[in-house]
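Chemist: Residues -37 to -1, 1 to 294 (mature numbering (1 follows the signal peptide of the UniProt record, and there is no 0)) make up the sequence shown, in order.
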Amino acid sequence: MRIGRPRFENLKRRLLGLSAAALVLPVAAGIAGTAVAGAAPAAHRAPSGGYEEVSVPSSMGPIKVQIQWAKRGGGAALYLLDGMRARDDKNGWSFETNAFEQYANDNVTLVMPVGGESSFYSDWIASSNFNGQDITYKWETFLTEELPDYLATRGVSRTNNGVIGLSMGGSAALTLAAYHRDQFKFAGSLSGYLNISAPGMREALRIAMLDAGRFNIDAMWGPPWSKGWLRNDPFVFAPKLEGLSLYVAASSGLPGQFDHPSKFIDYYNTSNAMALEALSLVNSRAFQVRMKTLGVDATYSFPSTGTHSWPYWSNELFKARPQILDALNAW
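Below, the structure written as structure tokens:
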């Protein structure tokens, strides 16, 4: 599920069975960067354009955030969430895609929090005991309280924001928007897992998080029968999304224009990315049906080809751009 480089009864069972194995396999690589610590300045208008890296205080300690300021100093912001294998040095959107270039001339600030591997951007109930984690994740608090507090000192609105994420970050984006409607006007899921109560999903996520940093999923939402799982399942909380501008995308899992394996490792990663995306499509289609029964509108993008990998998410971010800018009035 993090994400990386090039990554319905019999068929569905086969996909779900395959997912438990596929979810544990890394398909990612990245580049390193250096954080720039910054105390919140006493400004109340966002800088006009430009890039900055800041260190924002939180209950988890200082969190690095990569920021591209709105071109004309507007107050709108778009939060971009990473995947399961989020790195501690840079947000994947900043180096795996051309997100900065896509929105360089738009009046919206791009906000890319760094870190949160296997976190689902949630407030955990405890620290993970399997890997000796010394802090308890409180990402929902950071993204809806501490980070907005900092951004407000830089002229960014507390109420005119969007959030979009991929894979793990896709379901997290919908969760954050559902429970913080005063903050977010737009939410987008790209290849997200939007029906995590479906058969096999909880087991698959448990295995995936053990592989991605040896995280104990019970420390996140509690054991599988806990209410925390239902709170964080988009399929369950779907009614809370009514009236929100929504964008949901997932591809078929069939190799497409950005898949060109030539070596064994390429074929290995591509096959994993195919399985992951096929599972995401099953989840996203189920979510679509759920939303239709509720009469809740959303924009859906289900390309006939594409795998669980960054070039396709970059494309979807660009496709979602007009809707995002409209929702935030940020042209």
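Every residue gets a Cβ at the ideal spot worked out from N, C-alpha and C, and that includes glycine.
Could you give the first and the last residue of the continuous alpha helix (DSSP H) run that contains SER18?
Modeler: No alpha helix (DSSP H) holds SER18; the beta strand (DSSP E) holding it covers 14 to 19.
Chemist: Where does HIS271 land, buried or exposed, given buried means 16+ other C-beta within 10 angstroms?
Modeler: buried
Chemist: Going by CA-CA distance only, name the one from ARG144, ALA140, GLU59 and SER91 that's closest to SER152.
Modeler: ALA140
Chemist: Here's the rule: buried if 16 or more other CB atoms are within 10 angstroms of the residue's CB, otherwise exposed. What is LYS255?
Modeler: It counts as exposed.
Chemist: Kindly identify the DSSP beta-bridge partner or partners of LYS27.
Modeler: Paired residue(s): SER18.
Chemist: Which residue wins for smallest C-alpha separation from THR99, given the options ASP181, TYR66, SER57 and GLN146?
Modeler: ASP181
Chemist: Who are the near neighbours of PHE63 in its chain, counting only those whose CB is closer than 8 Å to its CB and skipping five residues on each side?
Modeler: TYR14, GLN31, SER57 and LEU73
Chemist: Using a Cβ-Cβ cut-off of 6 Å (strictly less than) and excluding sequence neighbours within five positions of PHE83, which residues of its own chain qualify?
Modeler: Once the five neighbours on either side are set aside, the close Cβ partners of PHE83 are MET131 and ALA135.
Chemist: Answer with buried or exposed for ALA(-16), where buried requires no fewer than 16 other C-beta atoms within 10 angstroms of its C-beta.
Modeler: Note that ALA(-16) has pLDDT 42, beneath the 50 cutoff, so the model's placement of it is unreliable and the number below is only indicative. Buried, because 16 or more other Cβ atoms sit within 10 Å of the Cβ of ALA(-16).
Chemist: Return the CA-CA distance between GLU279 and PHE221, expressed in angstroms with no decimal places.
Modeler: 13 Å
Chemist: Can you give me the C-alpha to C-alpha distance between ASN292 and LEU209, rounded to a whole angstrom?
Modeler: 15 Å
Chemist: Take the Cβ of LEU257 as the centre, count every other Cβ of all protein chains shown within 10 Å, and call the residue buried at 16 or more, exposed below.
Modeler: exposed
Chemist: Note down the Cα distance separating ALA5 from ALA67, rounded to an integer number of angstroms.
Modeler: Low confidence applies here, because ALA5 scores a pLDDT of 47, under 50, leaving its location unreliable; read the following figure in that light. Approximately 25 Å between the Cα atoms of the pair.
Chemist: Using the C-alpha atoms, what's the distance from TYR230 back to ARG121?
Modeler: 44 Å
Chemist: Are there 16 or more other CB atoms within 10 angstroms of the CB of ILE228, so buried, or fewer, so exposed?
Modeler: exposed
Chemist: Measuring straight from C-alpha to C-alpha, what distance separates ALA249 and SER160?
Modeler: 11 Å
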